[in-house]
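Chains as they are written, first to last, in the numbering used here: chain S, 392 to 509; chain R, 38 to 280.
Put into structure tokens, the structure is as follows:
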């Protein structure tokens, strides 16, 4: 019962933290939804742990703890891949903005030279 | 396929430069002293030295990027300018002074005549009389030349040369997507995907006057592995056509 309670408290704490971050506009719902979903799923499996044991058995895991570690590992690998994609997109957008700023500054400079009083 | 251009073509020379103070001013002066009608656009890629001031004083237009975006994005900035201002040809000349600009006319001639859409200045078509790069780098260049020639079916001898010219039809494609990681060899792959007519002309290059190259000895092997992957992966990209 002790470990279940501890897991529940940690998951509820993370869920509360994520919701609070959205409330304070530090995180948008788009990026928080995955974390909320994982927390709720975790809480569900803590409450209905027999379902977790049965799932682990179906997938061929002798110990439910190994199943949990495996699922967590897959989750973090996927998360890391999605973050890399996101980083790449942001990098590309930054470059486009930098190009735009540079080109606009040049156009402004050229216009200023045209309208400069003689 | 793009046809022969009118006799009075608008040519933009794009000079990407990152901390090239001491080199870039001379490059701009040499370009502007050529008996050709050129507009020289220096892309100051977030330099922390006097690159922009030096280029401006020498008579070039200068785009100052707010931070370093890398050579691919810097050259793409030039293509965007060329597109917006209706240039017919965009030529890339490095800001370090290694490219001997007297060969620039040879570079743009095939595009003017309508016999090529992309022309690359190659160091390896004629015996060297100019600057020879290090042995390991020459090995790398020959390796990429063989790989790209094999993959594209078009003989390329100097795929890492940044001394190149593009027809408007091609740089219009490049403003949408231009390789950022290893732009020179990857741009050839991208160009072949668009079905462009690629040509090389012999040029000589010089040793840089100040500073050092961004690709140095120990990094060369690592660079080769990365570029090989980039070239192979570029084969998987969807093909397009020039309008």
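Cβ coordinates follow ideal geometry from the N, Cα and C atoms, glycine included.
Taking a Cβ-Cβ threshold of 7 Å, the residues of chain S close to residue 117 of chain R are 490 and 494, in chain order. If only complete runs of 3 or more residues are kept, the region 39-105 of chain R shows the beta strand (DSSP E) at 48-54, 75-81 and 98-101, in order along the chain. The beta-carbon separation of residue 138 of chain R and residue 130 of chain R, rounded to 6 Å, stays under the 8 Å limit for a contact.
Taking a contact to require three or more Cβ pairs closer than 8 Å, the region 483-494 of chain S and the region 46-53 of chain R do not qualify as touching. Exposure of residue 396 of chain S is indicated by the presence of fewer than 16 other C-beta atoms within 10 angstroms of its C-beta. Within the region 122-202 of chain R, the complete alpha helix (DSSP H) runs of at least 4 residues fall at 141-149 and 172-189. Residue 272 of chain R is not bridged by DSSP to any residue. Listed along the chain, the chain S residues whose CB falls inside 8 Å of the CB of residue 102 of chain R are 489, 490, 492 and 493.
Closest by C-alpha distance to residue 141 of chain R, out of R:261, R:221 and R:202, is R:202. If you draw a straight line from the Cα of residue 82 of chain R to the Cα of residue 260 of chain R, it comes to about 21 Å. Using a Cβ distance threshold of 8 Å, residue 181 of chain R and residue 233 of chain R do not count as a contacting pair. When secondary structure is reduced to three states using DSSP, residue 504 of chain S falls in the helix class. Under the three-pair Cβ rule at 8 Å, the region 101-118 of chain R does not count as touching the region 62-69 of chain R. If you keep only unbroken alpha helix (DSSP H) runs of at least 4 residues inside the region 392-429 of chain S, you get 393-414. None of the residues of the region 132-145 of chain R has a beta carbon lying less than 9 Å from any beta carbon of chain S. Contact between the region 224-241 of chain R and the region 152-159 of chain R is established, with three or more Cβ pairs separated by less than 8 Å. By the C-beta density criterion, residue 445 of chain S is exposed, having fewer than 16 other C-beta atoms within 10 angstroms. Interface annotation, residue 497 of chain S: in contact with chain R, CB-CB separation under 8 Å. Note on geometry: alpha-carbon atoms of residue 209 of chain R and residue 174 of chain R lie some 32 Å from one another. Boundaries for residue 454 of chain S: no alpha helix (DSSP H) harbours it, and the DSSP string shows neither H nor E there. With a cutoff of 8 Å on beta-carbon distance, residue 412 of chain S and residue 433 of chain S are scored as not near each other. Non-local beta-carbon contacts of residue 223 of chain R in its own chain, meaning distances under 6 Å to residues more than five positions away in sequence, involve 216, 267 and 271 in chain order. Counting only runs of 4+ residues, the alpha helix (DSSP H) found wholly inside the region 199-245 of chain R occupies 205-211 and 220-230, in chain order. In the displayed model, residue 450 of chain S falls within coil according to three-state DSSP, outside both helix and strand. A residue is called buried when at least 16 other Cβ atoms come within 10 angstroms of its Cβ; residue 419 of chain S does not meet this threshold and is exposed. For the pair residue 243 of chain R and residue 134 of chain R, the CB atoms are nearer than the 8 Å cut-off. The beta carbon of residue 227 of chain R sits no closer than 8 Å to any beta carbon of chain S.
Within chain S, the residues placing a beta-carbon under 7 Å from that of residue 114 of chain R are 490, 493 and 494, ordered along the chain. Scanning chain S for C-beta atoms nearer than 8 Å to the C-beta of residue 97 of chain R yields nothing, as the closest lies near 11 Å away.
If you ignore the 5 residues before and after residue 466 of chain S, its C-beta comes within less than 8 Å of the C-beta of 429, all in its own chain and listed in chain order. If you draw a straight line from the Cα of residue 229 of chain R to the Cα of residue 274 of chain R, it comes to about 11 Å.
If you draw a straight line from the Cα of residue 161 of chain R to the Cα of residue 199 of chain R, it is about 14 Å long.
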